[in-house]
Amino acid sequence: MADADCGDWGTSIIAITALLEALVLVIIALRIYTRIWIAHAFWWDDFTMILAVLGTTIGAALCFLEVHYGFGTRESCLTPHEIREFQKYTYGEWIQTFFTLMWTKISICLFLIRIPDAKRVIIPMYWTVAFLLFSNVILTVMWIMQCQPLHAAWWGNGTCMSKQGREGIILTQALISIVSDFSFAAFPIFALWRLTIDFKTKVALWALMCLGFITGTCCIVRTALNGQALPPDESYGGIVNWVWRTFEVQIGIIAASIPSLRPLYSHCRRRMQGQSTSYADNNVKFLGAEQKQQRWVENANATNLTQLAETHSRMQAARPAAMQQDLMDEGILEGSSGSTYHDSVMNGHVQKETQRQSGGLDEEMQKYGIHEFLRGA
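If you number the sequence shown the way the UniProt record's numbering does, the last residue is 377 and the count never jumps.
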């Protein structure tokens, strides 16, 4: 067959892969720098995103090997050895895709946990992390074990799962991705609704933190093209599905990391304007460090139901402002330099609580005659 009929998309595939991978590496480097040296808030969401970037880097290397063995060229123009090698690296590249998407979504989930400090939100989020881990590990194991022995997946000598079964694994993973992408993207809309900021700033925050809709859209297109995920001519017929899968993985990492770069933008802008660039907390919160103060949850020191109800009402009223202050501490929301939570939110509540407790102490002292004892002394 003439070379013109073989197709030659290998160069374009390498260019797309290299460009997106370079952009991802730049973004993750800026994210790490921002979280450690500017926002001082390196946490598990950053660590899991690093795992996702490691996965996509491995995926880029596998893609280069796939191109070397014929990806982008019609299978009829390849030798049997090239076909086997291409199928072997494609088999590994799908494993990488499952794990990279898993770590990306777990990172997004952990990032969203940093916004509300309410148990009714945090606990379901942790259950979501567990579900993502469990489901993706199960699907990955099913993909790995699709043939017995394992190398039959590319050698063809063995017992293998049907094509419909393999497509079912890919489709199930895609549906989990779509639901999680759109759920995580919609979450900030509801979480930030009660913030006392102007609507323009609120919309900007939504746009910044809802970039997951882009990833979800890519996944929908990839799912619609699920029939092209495992075409008869995999080296040529699967190019379009690969493009959308790559966009989903790489753009997902970029979109999930952009909100974390907001402190870097604020830092650079304030430096250019000659303003202070300090944040509320100058200590880096590394993995395993003491958790931030639980400002939005009920006071566990309440001694009776009445005090518990009063404390709950006060903290419920303070949660939106506390959330706003935490977003300022993270650098995601602009605020006055050096402002703190107690100065801007809870000062009045603390004063009232102190007065109430002082009044109660006076009553107890009078009840047991301690006032008279002190005056006598």
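Cβ coordinates follow ideal geometry from the N, Cα and C atoms, glycine included.
Among the options, nearest to residue i - alpha-carbon criterion
i           : options                           : result
ILE178      : GLY156, ILE220 and LEU133         : ILE220
ALA153      : GLY212, ALA130 and GLY92          : GLY92
THR104      : ALA191, ILE28 and LEU192          : ILE28
GLY168      : ALA191, PHE190, LEU139 and PHE182 : LEU139
ALA61       : MET161, ARG222, TYR89 and TRP155  : TYR89
GLY31       : GLN96, TYR69 and VAL53            : It should be pointed out that residue 31 corresponds to Arg in this sequence rather than to Gly. The option with the nearest alpha carbon to ARG31 is VAL53.
HIS81       : PRO232, PHE184, ASP5 and GLY156   : GLY156
SER183      : PHE199, LEU211, VAL249 and VAL141 : LEU211
GLY238      : ILE50, ASP45, PHE213 and CYS63    : CYS63
ALA224      : LEU65, ILE170, ARG84 and TRP206   : ILE170
ILE115      : GLN250, GLY216, ALA191 and ASN226 : ALA191
residue 383 : PRO231, ARG222 and THR215         : This structure cannot speak to residue 383, because the chain is shown only from 1 to 377.
PRO231      : PRO188, HIS40 and LYS163          : LYS163
GLU18       : ASP8, THR57 and HIS40             : Per the sequence shown, residue 18 should be read as Ala rather than Glu. Comparing Cα-Cα distances from ALA18 to each of ASP8, THR57 and HIS40, the minimum goes to THR57.
PHE99       : LEU23, CYS218, TRP44 and ILE50    : ILE50
GLN250      : ILE14, LEU23, ASP8 and ALA15      : LEU23
PHE213      : GLY55, GLN146, GLU248 and TRP193  : GLU248
ALA130      : ILE106, HIS40 and ASN226          : ILE106
Status (buried if at least 16 other CB within 10 Å, exposed otherwise) for residue i
i      : result
ARG262 : buried
ALA174 : buried
GLY274 : exposed
GLY158 : exposed
MET209 : buried
VAL137 : exposed
ILE123 : exposed
GLN148 : exposed
ASP181 : buried
SER12  : exposed
TYR33  : exposed
ARG222 : buried
Euclidean distance between Cα positions of residue i and residue j
i      : j      : result
GLY165 : VAL243 : 23 Å
LEU110 : TYR236 : 38 Å
THR246 : LEU25  : 15 Å
ILE254 : THR48  : 14 Å
GLY252 : LEU101 : 8 Å
PHE134 : MET272 : 47 Å
ILE36  : PHE42  : 6 Å
ARG74  : ARG269 : 51 Å
LEU150 : ILE144 : 7 Å
MET161 : TRP94  : 16 Å
LEU20  : ASN241 : 16 Å
TRP79  : PHE86  : Looking at the sequence provided, one finds Thr at residue 79 rather than Trp. Each residue's alpha carbon lies about 11 Å from the other.
ASP46  : SER76  : 44 Å
LYS202 : MET142 : 43 Å
HIS267 : PRO259 : 14 Å
ILE108 : PHE199 : 24 Å
PHE71  : ALA185 : 34 Å
LEU132 : MET125 : 11 Å
TYR69  : GLY10  : 10 Å
ALA204 : CYS6   : 48 Å
GLU66  : PRO188 : 39 Å
ALA207 : ARG84  : 45 Å
TRP44  : ILE38  : 17 Å
TYR265 : HIS40  : 15 Å
TRP127 : VAL121 : 10 Å
Limits of the unbroken alpha helix (DSSP H) element including residue i
i      : result
MET272 : 262-273
ASN157 : Element bounds for ASN157: n/a, residue is neither H nor E.
THR217 : 212-224
THR17  : 10-33
GLU248 : 239-257
Backbone secondary structure at residue i - three-state DSSP
i           : result
THR90       : helix
GLN164      : helix
ARG375      : At ARG375 the pLDDT is 49, less than 50, meaning the model places this residue with poor confidence; the figure from the coordinates comes in the next sentence. Helix at ARG375.
GLN148      : strand
PHE131      : helix
GLY7        : coil
GLY59       : helix
PRO188      : helix
TYR236      : helix
ARG114      : coil
TRP43       : coil
PRO231      : coil
ARG74       : coil
TRP193      : coil
THR79       : coil
residue 381 : The shown model of the chain, from 1 to 377, leaves out residue 381, and the question about it has no answer.
Residue i at chain B interface by Cβ criterion, 9 Å
i     : result
GLY55 : The structure shown contains no chain B; it is built from a single protein chain.
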